[in-house]
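Some notes on the structure that comes next.
There are 2 protein chains.
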Amino acid sequence: MSSLHADIVIDLKSKISSNILPEGQKLPSERELALQYEVSRNVIREAISVLRVEGLIMVQAGKGAYVTKPNPMMIAETIERIMKNYNTTLEDLLEVREGLEISIIKNVIKRATSEDSQILYKIYRDMEKNRTNVTQFAKLDLQFHTSLAESTKNPLYPVLLSSFMEMTQHVLFEFTRLIPESMVQAQEHHLALIKAIEEGDEDLAISTIISHMQVLREEIKVLKERNIIG
Amino acid sequence: MSSLHADIVIDLKSKISSNILPEGQKLPSERELALQYEVSRNVIREAISVLRVEGLIMVQAGKGAYVTKPNPMMIAETIERIMKNYNTTLEDLLEVREGLEISIIKNVIKRATSEDSQILYKIYRDMEKNRTNVTQFAKLDLQFHTSLAESTKNPLYPVLLSSFMEMTQHVLFEFTRLIPESMVQAQEHHLALIKAIEEGDEDLAISTIISHMQVLREEIKVLKERNIIG
DNA sequence: TTGCAGTAAAAAGTATAACCATATTTCTTT
DNA sequence: AAAGAAATATGGTTATACTTTTTACTGCAA
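Residue numbers (UniProt numbering), protein chains in the order written: chain G, 1 to 230; chain S, 1 to 230.
Pasting the structure below:
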C-alpha cells in the first residue's frame, strides 16, 4: 500500500532519468501538476519536497521547480548522518580516505595524461601564491586532491573523495590557521606527489600520500587536545 | 530566507541527535506538533516528509512517526542517484570497491581477533552448505565481506562496503544463476582470504582479493555481452 | 474467566479553498 | 524607448473537512 505522493515521486523520477524532464527543465506549477495527476496540491507539494531532499530538483519561490543534477555533496551529508549513529570518529573517516587516496593514486598512474599533470602543477602554483590566505589555501587543497581523483578518469573517485574531504575540511582550516607553517610541508607533499606520478613511481607516490594523511592525523590529535574540535 | 518546515526539520534533528527524542521514540502526532510549533499541519507534514526521506524517522499510517537509526543503505541510494548523472559504469564502481577491499584487508590484518576469524569461518561453512541456493549464497557473500569489513573495528568500512556491494549484488546473483560453478572459485578465494589473514600475510590476502574482484569484473563483462545486465 | 466481535477513538492520508509573498510579465505613462 | 505600475503566475502557509488505518475498549457469549 503506497501513498499517493510516493507514486508521484516515482513517476517524476522516471521522467527525470528518462530525460523527458531534462536537467534545467522547469516543472509544471504545483497547481498544474495537481490537475495532471488528479490529486490535491498538498500531495504534489509533498512529492516535490521529497525530490528536493534527494537533490533532484531545486525550488525557487515565485518562479517554480527546476530539474537539477544531484550534488555530490549529498553523499557527504548522508554519510555524516549515518556516522552519527555508528560511533564513528574523525580518525575512522581519515583511515577510509587514506585507502581511497591510495586507490586513486594507483589508477592515476595508470591513466593520467600530461594535461592532468599541468592542471595539478597549476593548482600547486596557485597554492604557493596563497600561503597567506588560509581560506583560499584550504579551498585549493580540496581542488588539488579532487583534480588528482579526476585524473583516474573514474567519475566516482572525485565524487567520493570530495565528500570525504568536505567532512574534514574544518580540520585543515583550523590547523592551518593555528600553525601556518604546516602549509610548507603540505606543499612539499603535493609537489612530491606530482613528480612521483609523472615518473610512474607508484611506491613513492603512495608513501607520500600516506605521510600526507599521517600529518592530518596528527593535526586532528593536536586540535582535539586543545579542544578546538570535538 | 528559510521556510517554516526547514526550521522545524532543523529543530527536530537537533532533538533527535541530542537524544531528547531517542531511537524508537514516538513523535507527537501531527496535530500536536502543529500546536507546539504554532504552524499548520501541512508544514509539519512537510517537515516529517523530509525527515523520512533522510531516514531519521519512520511513519506508519494510523500509528504515528517513530525515530529510527538511519539505514546504511541510504548511502547506496544516494550514490546511485549521483552515479546516474556522472556517466558511471559498473566497472567504475567495482574499481572503487577493489580499493576499499584492499584498504579493509590492511586494517583487518592489523586488528582482527580470533573471534573475527571464527565468524568468517562460520559464514564460509554456511556458504558451503548453500551451494544449491543462489539467493542464499549471494546473501552470505554479502555477509562475508561485511563481516570482514567489521573486523577492521572501523564502523565506516561495513557501512560503505555493504552499500557498494548492494549496487552490484544483482551481478553476482545473475552470474551465479547462469554458471553455478563460479561458486567454487569464489569459495576458494574466501578460504584463502581467511587463512592469509590469520597468518598475517598481507600480500597474499591482497592478491587474493584482487583476483576475487577480477572474477567479478569478468562476470560483468559476460553478463553485458549476453545483454543480461545493462 | 476467557475469547471474540463490534465499536469508538486516534492518527496519518487526502482534498479544497483561501490568503500571502515574491517573481515575472504586461501594459501604461512619460 | 525607458521607467514604472499593475496584473498574473508561482510557491508558501493556513484552515477545515473527510477518509483510511490502527489500536484500544467494551460488552456479550461460551
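Virtual Cβ for every residue (Gly too), placed ideally from N, Cα, C. Bear in mind that the values here come from a model prediction, so they are computed numbers and not experimental data.
Between the CA atoms of residue j and residue i - distance to the nearest angstrom
i: residue 115 of chain S; j: residue 58 of chain G; result: 49 Å
i: residue 30 of chain S; j: residue 41 of chain S; result: 6 Å
i: residue 8 of chain S; j: residue 65 of chain S; result: 15 Å
i: residue 105 of chain G; j: residue 54 of chain G; result: 31 Å
i: residue 232 of chain S; j: residue 19 of chain G; result: Residue 232 of chain S lies beyond the range of chain S shown here (1 to 230); nothing can be said about it.
i: residue 130 of chain G; j: residue 71 of chain G; result: 28 Å
i: residue 200 of chain S; j: residue 97 of chain G; result: 23 Å
i: residue 162 of chain G; j: residue 140 of chain S; result: 32 Å
i: residue 135 of chain G; j: residue 147 of chain G; result: 18 Å
i: residue 45 of chain G; j: residue 43 of chain S; result: 10 Å
i: residue 142 of chain S; j: residue 107 of chain S; result: 19 Å
i: residue 61 of chain G; j: residue 32 of chain G; result: 16 Å
i: residue 153 of chain S; j: residue 118 of chain S; result: 16 Å
i: residue 212 of chain S; j: residue 186 of chain S; result: 7 Å
i: residue 209 of chain S; j: residue 14 of chain S; result: 41 Å
i: residue 12 of chain S; j: residue 37 of chain S; result: 11 Å
i: residue 113 of chain G; j: residue 230 of chain S; result: 29 Å
i: residue 128 of chain G; j: residue 195 of chain G; result: 16 Å
i: residue 84 of chain G; j: residue 21 of chain G; result: 35 Å
i: residue 95 of chain S; j: residue 67 of chain S; result: 36 Å
i: residue 2 of chain G; j: residue 39 of chain S; result: 27 Å
i: residue 193 of chain S; j: residue 122 of chain G; result: 43 Å
i: residue 184 of chain S; j: residue 126 of chain G; result: 54 Å
i: residue 80 of chain G; j: residue 207 of chain S; result: 32 Å
i: residue 88 of chain S; j: residue 145 of chain S; result: 23 Å
Beta-carbon spacing of residue i, residue j below 8 Å
i: residue 138 of chain S; j: residue 173 of chain S; result: yes
i: residue 260 of chain G; j: residue 124 of chain G; result: This structure cannot speak to residue 260 of chain G, because chain G is shown only from 1 to 230.
i: residue 225 of chain S; j: residue 175 of chain S; result: no
i: residue 159 of chain G; j: residue 157 of chain S; result: no
i: residue 90 of chain S; j: residue 171 of chain S; result: yes
Nearest neighbour of residue i, chosen from the options [CA to CA]
i: residue 69 of chain S; options: S:230, S:23, S:194; result: S:23
i: residue 26 of chain S; options: S:48, S:10, S:214; result: S:48
i: residue 63 of chain S; options: S:28, S:91, S:97; result: S:28
i: residue 120 of chain G; options: G:75, G:197, G:230, G:102; result: G:197
i: residue 103 of chain S; options: S:150, S:21, S:43, S:3; result: S:150
i: residue 4 of chain G; options: G:15, G:21, G:14, G:34; result: G:34
i: residue 6 of chain S; options: S:207, S:183, S:51; result: S:51
i: residue 189 of chain G; options: G:205, G:181, G:177, G:228; result: G:205
i: residue 177 of chain S; options: S:36, S:213, S:228, S:207; result: S:228
i: residue 111 of chain S; options: S:155, S:88, S:207; result: S:155
i: residue 182 of chain G; options: G:214, G:88, G:80, G:95; result: G:214
i: residue 179 of chain S; options: S:207, S:132, S:145; result: S:132
Supposed close pair residue i, residue j - CB separation, criterion 8 Å
i: residue 100 of chain S; j: residue 168 of chain S; result: Their Cβ separation, rounded to whole angstroms, is 12 Å, which puts residue 100 of chain S and residue 168 of chain S out of contact at 8 Å.
i: residue 56 of chain S; j: residue 10 of chain S; result: So it is not a contact: roughly 12 Å between Cβ atoms.
i: residue 166 of chain G; j: residue 73 of chain G; result: 6 Å
i: residue 82 of chain S; j: residue 75 of chain G; result: 7 Å
Distance cut-off 7 Å: residue i Cβ against heavy atoms of the ligand NAP
i: residue 79 of chain S; result: Among the components of this structure there are no ligands whatsoever, and the ligand NAP is therefore not found.
My parser needs the beta strand (DSSP E) runs of 3 or more residues fully inside the UniProt domain "HTH gntR-type" (2 to 70) of chain S; what are they?
57 to 60, 64 to 67
Only counting runs of 3 or more residues, tell me where the beta strand (DSSP E) segments fall wholly within the stretch 64 to 111 of chain G, in order along the chain.
64 to 67
What are the start and end residues of each continuous alpha helix (DSSP H) run of 4 or more residues lying completely inside the stretch 119 to 186 of chain S, in chain order?
134 to 150, 156 to 178
Jot down the residue ranges of each uninterrupted alpha helix (DSSP H) in the stretch 180 to 229 of chain S, minimum 4 residues, whole runs only, in chain order.
182 to 198, 202 to 225
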